[in-house]
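Enquirer: Okay, here's the structure, questions in a sec.
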Amino acid sequence: MATFLYKLGRMAYRRRWAVISAWLVGLLAIGLSAGAFMGTLTNSFSIPGTETQQALDKLKTEMPEFSGGSGSIVYQTSDGQKFTAAQKKAIGQSLDELEGLPDVREASNPFTTQKQLDEAQQKLEDSKKKLDDGEKQLADGRQQLADGKDQIADAKKEIADGRQKLEPEQAKIDDGRAELKEAKTKLDGAAQAGAIPPRQLAAQRAKLEATEKQLDQGQAKLDASAKQLDAAEQQISAKESEVSANEKKLEESAKDIKQGKKDLALGQRQAESTEGMRFVSKDGTTVAVNVSFTGSADALTSETRDEIKDIGAEPTSTGLEVDYSTEIVQDISTIFGSAEIIGLVIAAVVLLVMLGTFVAAGLPLLMAVLGVGAGVGGTLALSSAIEMASITPALALMLGLAVGIDYSLFIVHRHRRQLLDGMEIEESIGRATGTSGNAVVFAGLTVIIALSALAVPALPFLSVLGLSAAFTVAMAVLIAITLTPALLGIIGPKLVSKRAWRKAAAATAPEATPASEGTDSAAHPNAAGNRGWGAFVTKRPVLMSVVGVLLLGIMAVPALQLRTALPDGSAEPVDSSAHQAYDLLSDKFGAGYNGPIIALADLPAGLDADEAEAKNLDIADQLRGINGVVAAVPVGINDANTLAVLQIVPQEGPADPATEQVVTDIRNASTAIEAETDSHLALTGQVTAQIDVSERLAEVLPLYLGIVVGLSLVLLLLVFRSVIVPVLATGGFLLSLLASFGATVAVYQWGWLSGVFGVATPGPIMSFLPILLIGILFGLAMDYQVFLVSGMRESFVHGQRPRAAVRSGFAHSAPVVTSAALIMTSVFAGFIFSELTMIRAIGFALAIGVLLDAFVVRMTITPAIMHLLGRRAWYIPKWLDKVLPDVDVEGAKIAALATPGTAGGSSDTSDSGPDSDGPHGGDHDGHEEPGAGGSRHPAHRADGPDDALR
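To convert, count from 1 in the sequence shown and add 29; that's the working numbering.
Written as structure tokens, this is what we have:
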């Protein structure tokens, strides 16, 4: 690898303009692709297979109107008085205008909704009174109907009795007429026979006529009575029809009353389900407007957000104050702010102090910016095809800047020192690329592997996050080993200040005393490492090791109480609109209003609309019985009456442990609810998503940590050819990792120094910070391990005794590692006050992690323990030494490629020695002294009996 990079560096120097042109074309292509294909970033994190994701997918398919995002607009009167009619009208007009926007599905009027809730109870009472009156009227009608039926029955009986009385009278008349007819017949016979005298015949005829008249009168009387009875029957028939009609009316009234009772019971259950819900505060000074979007809130463009805020602010002219929830004001299209620029300025100052010229200081910054442009630009170009979290380009930006500066710095610093030592420019560039560039490649490879391993847990957003950052780091490495040498060739000797040239000339004057390797000289006054921090640590190795471990151990204690979640509005800056909206909603309506839980219920098949609604209310009743649930409101049922949606409002905020317990209790109770209602329950929404994300990440964290630690051991074993150094490096990484966790918990969860770091409301740590911190900090820790310890190994390989090699290697590597750590810390610290809330804690954790790992682990504990171990630090079994490939991290094979006279006119092209800078110190000429057992690596030789223990 060293040989290849050496040739690559010289090629980049010779064909510098071609290399620069190629990079310009590539960067231009990436930039154009990013501008043309950049998609929408999101703050939603999906985890396939979880209940939250399955329920959300089902909701999008069957009831898409409920699957869009939403946000809140909070209005409050400036004078603390109740809303006036003019203010209510202004808010209503603003909401009507909002509903006209293409991306807004609904902006419900809080006054209308609250009025409906307030009037619901009165309407229920009025309905109940109406039903009571109706029931009384129904009872009276039924009594009157019964009385009418009795009257009809009595009348019918009287008619029947009357007709029964008429029958004997009619019989008498009929008998009389029969007798009269017979008498007439006899009388007529007798008259014809002349048996009756005329006078007597006339008398008898008169008598018969009188009898007939009496019979006619009797018949007339009977007919009149019969007619009266017929009229009475007609009256009764009409009465019966009236009674039948009234009976039907009463039956209809009974049905209406029955339905009314059913509706009343339903209304009472609905009112109970919304009990505790408010949209206008009890004091009448604050309203909460729920704005539903047609799509995800993250998909809103900056223009749409501004339009929503402009329209929402229109009522402020009437004496109102307005605040917006995080979903509305958080524009995740911006990933770079003023705080990040401050971090870069600090990095520039460190570079200027270290390298001495603006040209030299600006080169690593330029390389970092170009690397970030390539990495982040390539990432954004894919954002339209891949769902990408808003934190993805921000994290790539953060890492790209940090490693980009450091990687170029190591090569530039090495080249600068070699120029001052008199090496010719082309050779110096080749050597710097082959040695420091070799360390850069291995360090970058470590970071890339760690970040790429984030795909192992199979979490889509985390995989994209890791691969994006890994790609950006890869770009930084490629630029460092290709574009940096090309630009160094163009800059030439101007890289070094005139003052440094004069100082170097004085140190190399003929009268100056030459220094042997590992000894002090005028040019390199501390080459042996007998002064400074390295000497201080190695003189007290036990004390410094114990102090370092204790310090990190104490700082790690808070990590025992680490709790994870996703950030909400309370995590925003105190003076931000999102934080104000969160606090107002919590104070006026309850903290749970900031994070409602969505429940999906699979209803039994075959239900009609009323049955489905009743079943939904049954589920709501069950949910309200769970501790910590303020309200459980049915909000919709699909057309097939097979799927119902409910909104659950917890008592506490979305990131509160009590809300997490509510979700757990509901899920535990789902089996009992299903048994009671025959409906399967599933939860979704932001609250359940953060719980599922946290749980899944906690499950995969040990696996990921195992992968990272295993890879570190293998890679460091290859680089340092030692079984002790990898274990020491990994143990130190775990210490700095836990201490970083502890510091992050203390600040962001406990609230220590919250004012200093802008922590508005202490709360749980972001769910995926632990796994990100493991991957990123591991990569960076291994960077410093490679850069620092390779210098020690190079001194040791070049013949110094083990403990002297620790001091001299530390002396020539520590300055550049210190600068690199300060630069990386300043870049990460710049993100502590980022515009993206989610990135702030990551910036802090990485900044404190780099500080602790670089200055406590790598520059204190590591040299102290390696000094104690002496030659044992480089122990490796012979069989393993033969099996492992030689990666030549020291660049020993480069000397064989050098031509005489290339190193400042000397045939010895090696610039090895303790005065060499960079992570490797200097090169050696490939000479190896015979080691014990004939090892091909000088690390195994013993210079004397006592050296084996040094």
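Glycine included, each C-beta is placed from N, C-alpha and C at the ideal position.
With a floor of 4 residues, list each alpha helix (DSSP H) that falls wholly inside the segment 233-284, ordered by position along the chain.
Expert: Entirely contained in the segment 233-284, not one alpha helix (DSSP H) run reaches 4 residues.
Enquirer: If you follow the alpha helix (DSSP H) that T891 is part of, which residue opens it and which one closes it?
Expert: Residues T891 to L898.
Enquirer: What residues in its chain sit with their C-beta under 8 Å from that of A47, if we drop five residues either side in the sequence?
Expert: For A47, where only same-chain residues beyond five positions count, there are no Cβ hits under 8 Å.
Enquirer: Skipping 5 residues on each side, what residues in its chain have a beta carbon closer than 8 Å to that of E343?
Expert: Hits under 8 Å: A119, Q122, S123 and E126.
Enquirer: Using a Cβ distance threshold of 8 Å, determine whether the segment 827-834 contacts the segment 516-531, with at least three qualifying pairs required.
Expert: Judged by Cβ distances under 8 Å, the segment 827-834 makes no contact with the segment 516-531, as fewer than three pairs qualify.
Enquirer: Just to confirm, is the Cβ distance from A498 to L480 under 8 Å?
Expert: For A498 and L480, yes; Cβs fall inside 8 Å.
Enquirer: Along the alpha helix (DSSP H) that carries L712, what are the first and last residues, could you check?
Expert: Counting along the chain, L712 falls outside any alpha helix (DSSP H), though it belongs to the beta strand (DSSP E) covering H709 to T713.
Enquirer: Check the DSSP bridge columns for S605 and list the partner residues they point to.
Expert: Per DSSP, none; premise fails for S605.
Enquirer: Given R45, which residues of its chain have a CB within under 7 Å of its CB, disregarding the five upstream and five downstream residues?
Expert: A515, G518 and I519, listed in sequence order.
Enquirer: So what's G473 in DSSP terms, helix, strand or just coil?
Expert: The answer is helix: DSSP assigns G473 an H, G or I state.
Enquirer: Is the separation between the beta-carbon of L395 and that of L373 shorter than 8 Å?
Expert: No, they are not a contact pair.
Enquirer: Applying the 10 Å Cβ sphere with the 16-neighbour rule, what's the burial state of N670?
Expert: Buried: at least 16 other Cβ atoms inside 10 Å.
Enquirer: Whose C-alpha, out of T214, L613, L897 and L57, is nearest the C-alpha of A317?
Expert: A317 has its Cα closest to that of L613, out of T214, L613, L897 and L57.
Enquirer: Check this for me: beta carbons of T79 and R725, under 8 Å apart or not?
Expert: The answer is yes: Cβ separation under 8 Å.
Enquirer: What is the rounded straight-line gap between the Cα of A253 and the Cα of A212?
Expert: Computed Cα separation, rounded: 28 Å.
Enquirer: In chain order, which alpha helix (DSSP H) runs of at least 4 residues are fully inside the segment 82-133?
Expert: Complete alpha helix (DSSP H) runs here, min 4: 114-128.
Enquirer: With the cut-off set at 8 Å, would you say Y104 and L349 are in Cβ contact?
Expert: Taking 8 Å as the Cβ cut-off, Y104 and L349 qualify as a contacting pair.
Enquirer: Which of the three DSSP states, helix, strand or coil, is assigned to P227?
Expert: Helix at P227.
Enquirer: For L251, which residues in the same chain have their Cβ closer than 8 Å to its Cβ, ignoring the five residues on either side in sequence?
Expert: So the qualifying residues of the chain are L195, E198, Q199 and I202.
Enquirer: Have a look at the DSSP bridge pairing and note the partners of P663.
Expert: Answer by DSSP bridge pairing, in chain order: L675.
Enquirer: How would you call V826, buried or exposed, if buried means at least 16 neighbouring beta carbons within 10 angstroms?
Expert: Classification for V826: buried.
Enquirer: Which value, in whole angstroms, describes the spacing of the CA atoms of D915 and L747?
Expert: Rounded to whole angstroms, D915 to L747 spans 7 Å at the Cα level.
Enquirer: On a Cα-Cα basis, can you pick out the residue from K338, Q143, P793 and R750 that is closest to Q719?
Expert: Checked all of K338, Q143, P793 and R750; the closest Cα to Q719 is P793.
Enquirer: Can you round the beta-carbon distance between I868 and I420 to whole angstroms, since I take them to be within the 8 Å contact cut?
Expert: The pair is a contact, with the Cβ atoms about 6 Å apart (cut-off 8 Å).
Enquirer: Give the DSSP bridge partners of F322, in chain order.
Expert: Note: F322 sits in a beta bridge opposite V133.
Enquirer: Return helix, strand or coil for L730, following the three-state DSSP convention.
Expert: Three-state result, L730: helix.
Enquirer: Measure from the alpha carbon of A600 to the alpha carbon of each residue in L767, D812 and T355, then state which is nearest.
Expert: Closest option to A600, Cα to Cα, is T355.
Enquirer: Check this for me: beta carbons of S769 and L730, under 8 Å apart or not?
Expert: Not closer than 8 Å, so no.
Enquirer: Does the beta-carbon of F816 have 16 or more other beta-carbons within 10 angstroms, so that it is buried, or is it exposed?
Expert: Buried, since its Cβ has 16 or more Cβ neighbours within 10 Å.
Enquirer: With the cut-off set at 8 Å, would you say G324 and D132 are in Cβ contact?
Expert: The answer is yes: Cβ separation under 8 Å.
Enquirer: Return the CA-CA distance between Y622 and M92, expressed in angstroms with no decimal places.
Expert: For Y622 and M92, the distance between alpha carbons rounds to 23 Å.
Enquirer: By DSSP, does I794 sit in helix, in strand, or in coil?
Expert: Looking at I794 - three-state DSSP - the assignment turns out to be strand.
Enquirer: DSSP three-state call for V374: helix, strand or coil?
Expert: Of the three classes helix, strand and coil, the one that applies to V374 here is helix, per DSSP.
Enquirer: Could you tell me how far apart the beta carbons of T717 and T81 are, in whole angstroms, since I believe they sit closer than 8 Å?
Expert: Contact flag correct, Cβ pair sits at about 5 Å.
Enquirer: Please state the DSSP three-state secondary structure of E350.
Expert: E350: strand per DSSP, three-state reduction.
Enquirer: Going by beta-carbon coordinates alone, are R206 and L244 separated by less than 8 Å?
Expert: Closer than 8 Å, so yes.
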